[in-house]
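Going by our numbering, the sequence shown opens with residue 12, and the numbers climb by one from there.
The beta carbon of each residue, even a glycine, is placed where N, CA and C say it ideally should be.
One structure is given below, encoded as structure tokens.
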Amino acid sequence: MTVNFKRLKFKNYQLHARWNVVVKVDGYEVPEGLYYSKDYEWVKIEGDKVRVGITDYAQKQLREVVYAELPSPGTTIKQNEPYGTVESVKAVSDLVAPISGTIEEVNTEVQSKPELLNEDPYGKGWLLVVKPSNLQAELKNLMDFNAAVEWHKSLIKEGK
12 MTVNFKRLKF
22 KNYQLHARWN
32 VVVKVDGYEV
42 PEGLYYSKDY
52 EWVKIEGDKV
62 RVGITDYAQK
72 QLREVVYAEL
82 PSPGTTIKQN
92 EPYGTVESVK
102 AVSDLVAPIS
112 GTIEEVNTEV
122 QSKPELLNED
132 PYGKGWLLVV
142 KPSNLQAELK
152 NLMDFNAAVE
162 WHKSLIKEGK
């Protein structure tokens with residue numbers, strides 16, 4: 012079955028309880044309704060705040076996540092700058108802010124159960140809630156759903 016979204020055709024898609032549509036690009040989930048950074052993080056707008064997490068692609072590349080170091084609420088983060096780390100059996104990787112602002116909430120459950128990043132990266136494995144300082148301008152630096160799907164295709168083609 013083929014579904015058309017803004018002139019793009021997707022063959023591997025599924026409906027999802029949390030998201031209208033989730034496209035699978037070579038097994039990697041890309042939910043509609045989010046913005047994506049090239050540092051493998053997603054942003055979901057929730058009123059005047061945003062929720063941030065890592066993508067399915069990121070968690071699968073990391074493999075088994077064993078530790079997450081996140082900043083405290085009240086910390087200011089800046090787009091494209093590191094704000095924390097995730098450690099897996101494979102590597103330690105920086106978490107890079109997809110958006111600037113003040114952290115209002117940290118998912119402490121991820122700190123005590125880092126496997127949530129692997130099990131549910133778009134749900135229970137979220138990382139931060141941020142009060143953005145310049146959302147509209149910085150969204151231009153992120154990918155929308157269609158661009159993210161194409162970007163994932165290019166990552167797979169390049170073997171990254």
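Cβ contact annotation for aspartate 37 (same chain, cutoff 6 Å, sequence separation greater than five): Ile167, in chain order. In this chain, the beta strand (DSSP E) harbouring leucine 106 covers 103-107. As a beta-bridge residue in DSSP terms, glycine 95 pairs with Leu106.
Boundaries of the beta strand (DSSP E) harbouring threonine 113: 112-117, taken from the DSSP string. In the DSSP secondary-structure assignment, lysine 60 is bridged to Glu57.
Nearest to aspartate 67 by C-alpha distance, out of Asn118, Gly136 and Thr87, is Gly136. In the three-state reduction of the DSSP assignment, lysine 71 falls in the helix class, which pools H, G and I. For glutamate 126, there is no enclosing beta strand (DSSP E), as DSSP gives it neither H nor E. Fewer than three Cβ pairs drawn from the stretch 34-50 and the stretch 75-88 lie within less than 8 Å of each other, which leaves the two stretches out of contact.
Sequence-distant partners of threonine 96 (beyond 5 residues in either direction) whose C-beta falls short of 7 Å from its own C-beta, in its chain, are Glu80, Val103, Ser104, Asp105 and Leu106. With a 10 Å radius around the Cβ and a threshold of 16 neighbouring Cβ atoms, valine 100 comes out exposed.
In the three-state reduction of the DSSP assignment, valine 32 falls in the coil class, being assigned neither a helical nor a strand state. For glutamate 169, the enclosing alpha helix (DSSP H) begins and ends at 156-169.
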